[in-house]
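**Student:**
Next comes the structure, spelled out in structure tokens:
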């Protein structure tokens with residue numbers, strides 16, 4: 098019992114540290130763009146991230162051979178080229194906190210896209226979660242007050258769409274075969290980095306300023322955001338119910354908003370603030386519905 102309790106506490110601690118790492122990374126990425134173009138930073142970040150994951154695999158003594166190359170390529174285009182590329186592009190002129198919230202609306206895109214692609218219909222209270230999330234989305238986007246940041250907000254939303262589609266692709270892949278998650282992430286990140294490198298070379302911008310902060314930001318993304326982050330996430334998933342782990346990650350955009358407010362002075366406006374609250378409430382409801390559904394299908398989860 099004591100051993101299980103200690104293991105549970107360690108898993109909760111790992112999830113808490115992960116939330117802080119990924120949440121604060123929105124500020125780190127925003128600040129890094131003072132020294133680099135978004136695509137230069139995206140290319141460097143993803144290449145170093147892929148290398149860090151391959152080093153983790155070598156440390157674990159696992160094979161580096163890719164499983165299902167074309168699936169990994171598709172995932173790389175969505176998850177790395179699409180999600181990471183558009184996220185960092187959004188941060189060029191958009192706020193770190195708002196971008197984090199808009200990108201983390203991803204579960205709703207999964208819910209909506211899973212209907213036509215996987216035949217998983219939206220049911221009951223899920224509609225309430227969707228309505229709350231999209232009401233919040235409209236308030237954060239503020240289409241009635243088009244300004245310089247509107248394009249950045251749209252990019253953050255599109256990044257979330259890419260993330261959502263990639264989640265559906267992963268679900269399809271795992272129904273067909275078993276994949277090592279770290280190997281899958283390493284290869285999709287490497288393959289997805291190639292288009293980012295090509296874009297950075299095709300559209301040259303101001304040369305990268307190799308300041309101590311920029312180098313630190315790259316190392317933070319590669320080591321903490323990617324290698325250590327993924328190990329913490331997989332450990333949390335292994336020790337905690339999936340619903341509990343998912344609920345914990347809801348704090349990631351909250352950390353992003355608070356860190357951006359404190360460090361960058363990005364205080365949300367009234368409309369944006371209410372929009373973030375509605376999105377957060379919708380996400381919370383969606384995760385709680387998922388936990389309830391899983392408990393009905395797997396009653397033993399209630400004992401965890």
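In the working numbering, the protein residues as written are 98 to 401. Cβ atoms here follow ideal geometry from the backbone N, Cα and C, with glycine treated the same way.
#1: Ignore the nearest five residues each way along the sequence and tell me which others in residue 211's own chain have a CB closer than 7 Å to its CB.
#2: Is it the case that the Cβ atoms of residue 311 and residue 129 are separated by a distance below 8 Å?
#3: Flag this pair as yes or no: are the beta carbons of residue 127 and residue 226 separated by less than 8 Å?
#4: May I ask you to report which of helix, strand or coil DSSP gives residue 107?
#5: Where do the ends of the alpha helix (DSSP H) carrying residue 239 lie?
#6: With C-beta atoms as the reference, is residue 318 less than 8 Å away from residue 145?
#7: Buried or exposed: where does residue 273 fall if 16 or more other Cβ atoms within 10 Å of its Cβ makes it buried?
#8: Given that a residue counts as buried once 16 or more other Cβ atoms are within 10 Å of its Cβ, and exposed if not, what is residue 403?
#9: Within 10 angstroms of its Cβ, does residue 250 collect 16 or more other Cβ (buried), or is it exposed?
#10: Determine the direct distance from the alpha carbon of residue 189 to that of residue 394, and round the result to whole angstroms.
#11: List the whole-angstrom C-beta distance separating residue 171 from residue 326, where the pair is believed to meet the contact cut-off of C-beta under 8 Å.
#12: When DSSP labels each residue in this structure, what does residue 272 get in the three-state scheme?
#13: Please specify which runs of the alpha helix (DSSP H), each continuous and at least 4 residues long, are wholly inside the region 128-169, giving them in chain order.
#14: Considering only their Cβ atoms, is the gap separating residue 324 from residue 43 smaller than 8 Å?
#15: CA-CA distance, residue 386 and residue 208?
#16: If we call anything under 8 Å between Cβ atoms a contact, is residue 120 one with residue 356?
#17: Put residue 181 into one of helix, strand or coil per three-state DSSP.
**Tutor:** For this structure:
#1: Reading the chain shown from its first residue, position 114 is the one you call residue 211. Cβ within range, chain order: 217, 265.
#2: In the chain shown, counting from the first residue as 1, residue 311 sits at position 214. In the chain shown, counting from the first residue as 1, residue 129 sits at position 32. Taking 8 Å as the cut-off, the beta carbon of residue 311 is found closer than this to the beta carbon of residue 129.
#3: As a working mapping, residue 127 is identified with position 30 in the chain shown. As a working mapping, residue 226 is identified with position 129 in the chain shown. Taking 8 Å as the Cβ cut-off, residue 127 and residue 226 do not qualify as a contacting pair.
#4: Taking the first residue of the chain shown as 1, we reach residue 107 at position 10. In the three-state reduction of the DSSP assignment, residue 107 falls in the helix class, which pools H, G and I.
#5: Here residue 239 refers to the residue found at position 142 when the chain shown is read from its first residue. Counting along the chain, residue 239 falls outside any alpha helix (DSSP H), and DSSP gives it neither H nor E.
#6: As a position in the chain shown, residue 318 is number 221, starting the count at 1. As a position in the chain shown, residue 145 is number 48, starting the count at 1. Result yes, Cβ atoms of residue 318 and residue 145 sit closer than 8 Å.
#7: Translated into the one-based positions of the chain shown, residue 273 becomes position 176. Per the 10 Å Cβ criterion, exposed.
#8: Residue 403 lies beyond the range of the chain shown here (98 to 401); nothing can be said about it.
#9: By 1-based counting over the chain shown, the position of residue 250 is 153. That one is buried.
#10: Within the chain shown, numbered from 1, the residue matching residue 394 stands at position 297. Within the chain shown, numbered from 1, the residue matching residue 189 stands at position 92. Residue confidence for residue 394 is low, a pLDDT of 47 falling below 50, so the modelled location carries little weight and cannot support an answer.
#11: Locating residue 171 in the chain shown gives position 74, where the first residue counts as 1. Locating residue 326 in the chain shown gives position 229, where the first residue counts as 1. Not a contact, Cβ separation roughly 23 Å.
#12: By 1-based counting over the chain shown, the position of residue 272 is 175. Note: residue 272 maps to helix in three-state DSSP.
#13: 135-156
#14: Only positions 98 to 401 of the chain appear in this structure, which leaves residue 43 out of reach.
#15: Against the chain shown, residue 386 aligns to sequence position 289. Against the chain shown, residue 208 aligns to sequence position 111. If you take the alpha carbons of residue 386 and residue 208, they lie about 12 Å apart.
#16: Taking the first residue of the chain shown as 1, we reach residue 120 at position 23. Taking the first residue of the chain shown as 1, we reach residue 356 at position 259. Result yes, Cβ atoms of residue 120 and residue 356 sit closer than 8 Å.
#17: Residue 181 sits at position 84 when you count from the first residue of the chain shown. Helix.
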